[in-house]
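Accompanying notes for the structure given below.
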Amino acid sequence: MKRILITLLSVVLLLSLISCNTQKYRDDQAVAELAGKAVTALNDGVTYLPADSGYLSDYLTKPDYVTEEIIFFATETNNLNEFGIFHVQDGNAEAMKELLKGYLKQSLEKNQTWYDSYIPEETPKLRDAEVQVYGNYVVYAIMGTDDRATLFDNIKDTLSIQ
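Residues in the sequence shown are numbered from 13 upward in steps of one, following this note's numbering.
Given below as structure tokens:
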């Protein structure tokens with residue numbers, strides 16, 4: 013009986029610790045500021061430029077719940093590095109994440125044959141692209157593994173509330 017009670021209390025304690033450890037994120041950062049810090053943190057020798065408005069219009073229509081966005085891409089045409097940061101209204105981060113996953117999937121389907129033929133070393137960047145959510149910020153990255161980790165870690169650290 014003591015073992016059951018101790019086990020039950022241990023489970024309850026563990027669950028309470030997990031639920032108390034929910035990560036909180038700021039909601040007041042300009043996406044241009046986040047992107048600038050991310051480019052600095054990347055320090056990968058790549059020159060990045062911001063994309064024009066409507067950059068993703070061939071793949072998706074920007075929803076009304078997106079309050080601010082910025083997309084950066086590598087200036088070298090043989091480098092697929094690209095990332096985007098979207099600030100959305102409360103409750104819409106998962107929907108935006110799904111839209112961006114759709115963009116990444118469509119982009120790979122549409123361009124893989126060409127990339128495989130001309131810049132095959134870049135195709136894995138798009139194939140392995142990721143989308144992450146940090147509160148009301150949704151971030152996608154088309155980059156190599158290390159650069160993706162650096163980008164996401166930097167944005168998470170910048171937005172995290174300690």
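Ideal Cβ positions, reconstructed from N, Cα and C, are used throughout, including at glycine.
Report task. Indicate whether Leu72 and Thr170 have their beta-carbon atoms separated by less than 8 Å. Result -> Position 60 of the sequence shown, counted from the first residue, corresponds to residue 72. Position 158 of the sequence shown, counted from the first residue, corresponds to residue 170. No, the Cβ-Cβ distance between Leu72 and Thr170 is not below 8 Å.
Report task. Spell out the partners DSSP gives Ser172 in its beta bridges. Result -> For the purposes of this step, residue 172 is identified with residue 160 of the sequence shown, where counting begins at 1. DSSP lists Tyr37 as the beta-bridge partner residues of Ser172.
Report task. Find out if the Cβ-Cβ distance for the pair Leu163, Leu138 is shorter than 8 Å. Result -> For the purposes of this step, residue 163 is taken as residue 151 along the sequence shown, with counting starting at 1. For the purposes of this step, residue 138 is taken as residue 126 along the sequence shown, with counting starting at 1. No.
Query - Complete alpha helix (DSSP H) runs within the stretch 64-146 (minimum length 4 residues, chain order) - result: Runs of the alpha helix (DSSP H) inside the stretch 64-146: 105-130 and 135-139.
Query raised in the report: Span of the beta strand (DSSP E) holding Ala153?
Result: What you label residue 153 is simply residue 141 of the sequence shown in a count that begins at 1. Tyr149 to Ile154 is the span of the beta strand (DSSP E), which, as asked, contains Ala153.
Query raised in the report: If you draw a straight line from the alpha carbon of Ala105 to that of Asp64, how long is it in whole angstroms?
Result: Numbered from its first residue, the sequence shown carries residue 105 at position 93. Numbered from its first residue, the sequence shown carries residue 64 at position 52. Near 23 Å, if we compare the C-alpha coordinates of Asp64 and Ala105.
Query raised in the report: Taking buried to mean at least 16 other C-beta atoms within 10 Å of its own C-beta, is Tyr60 buried or exposed?
Result: On the sequence shown, residue 60 is found 48 positions in, with the first residue counted as 1. Counting other Cβ atoms within 10 Å of its Cβ, Tyr60 reaches 16 or more and is therefore classed as buried.
Requested in this report: Please classify Asn148: is it buried, with 16 or more other beta-carbons within 10 angstroms of its beta-carbon, or exposed?
Outcome: Here residue 148 refers to the residue found at position 136 when the sequence shown is read from its first residue. It is buried - the Cβ of Asn148 has at least 16 other Cβ atoms within 10 Å.
**Report entry** Close Cβ partners of Glu80 (< 6 Å) along its chain, the five nearest in sequence each way excluded
**Finding:** Against the sequence shown, residue 80 aligns to sequence position 68. The beta carbon of Glu80 is closer than 6 Å to those of Val43 and His99 in its chain, skipping five residues each way along the sequence.
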